[in-house]
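In our numbering, the protein residues as written are 30 to 183.
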């Protein structure tokens, strides 16, 4: 079971790392089509459309590729595994509802984004920071010993 969870963690990590690095290599990344266009009329529009221009759009344009890259590295290396997976699921929620709801669920309700939410949620629930993970070393540090911070680890 542990090695299956490792494979799940590595696959999800590569997925996010690849998505983030693709955006970085094709710089400049522009999310305005997503937060300003695709989000219009969706249930997330009130939360997302304020990020469609100005300084907030500039923040999103940097945060998305760097966030995806950090999530990918976190999962692949097993560093703050639960935290990385939580933010992966959080990003996927936005992608799922904006792409699905905004597109009239043209591809159905079960999409890659929904499966991503399930994968990241499974990693959060199971921790997955055991086999071949830096989290094992972090657990031994005094900072994480018997504290609430320990829940951030896998």
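Ideal placement from N, C-alpha and C gives every residue a C-beta, glycine not left out.
Problem set entry | Beta-carbon separation (whole angstroms), residue 126 vs residue 71, contact threshold 8 angstroms | Confirmed, Cβ separation roughly 6 angstroms.
Problem set entry | Buried or exposed (CB count within 10 angstroms, at least 16 for buried), residue 169 | With fewer than 16 Cβ atoms within 10 Å of its Cβ, residue 169 is classed as exposed.
Problem set entry | Within 8 angstroms, strictly: CB atoms of residue 115 and residue 142 | No, they are not a contact pair.
Exercise. Are the beta-carbon atoms belonging to residue 43 and residue 100 less than 8 angstroms from one another?
Worked result: Cβ distance not < 8 angstroms, so residue 43 and residue 100 don't count as in contact.
For this session: Thinking residue 145 and residue 138 are a contact (beta carbons under 8 angstroms), I'd like their distance in whole angstroms, please.
Result: Going by Cβ atoms, the distance from residue 145 to residue 138 rounds to 14 angstroms, so no, they are not a contact pair.
Problem set entry | Three-state secondary structure assigned by DSSP to residue 138 | Three-state result, residue 138: coil.
Exercise. Between 56, 46, 162, which lies nearest to residue 111 when the distance is taken from Cα to Cα?
Worked result: When 56, 46, 162 are compared, the shortest CA-CA separation from residue 111 is found for 162.
For this session: Compare the C-alpha of residue 118 against each of 73, 156, 152, 67 and name the closest.
Result: For the residues 73, 156, 152, 67, the minimum Cα distance to residue 118 belongs to 152.
Exercise. Considering only the beta carbon of each residue, do residue 35 and residue 148 sit closer than 8 angstroms?
Worked result: No. Outside cutoff.
Problem set entry | Alpha-carbon to alpha-carbon, residue 154 and residue 77 | About 27 angstroms.
Problem set entry | Three-state class that DSSP yields for residue 65 in the structure shown | Helix, per DSSP.
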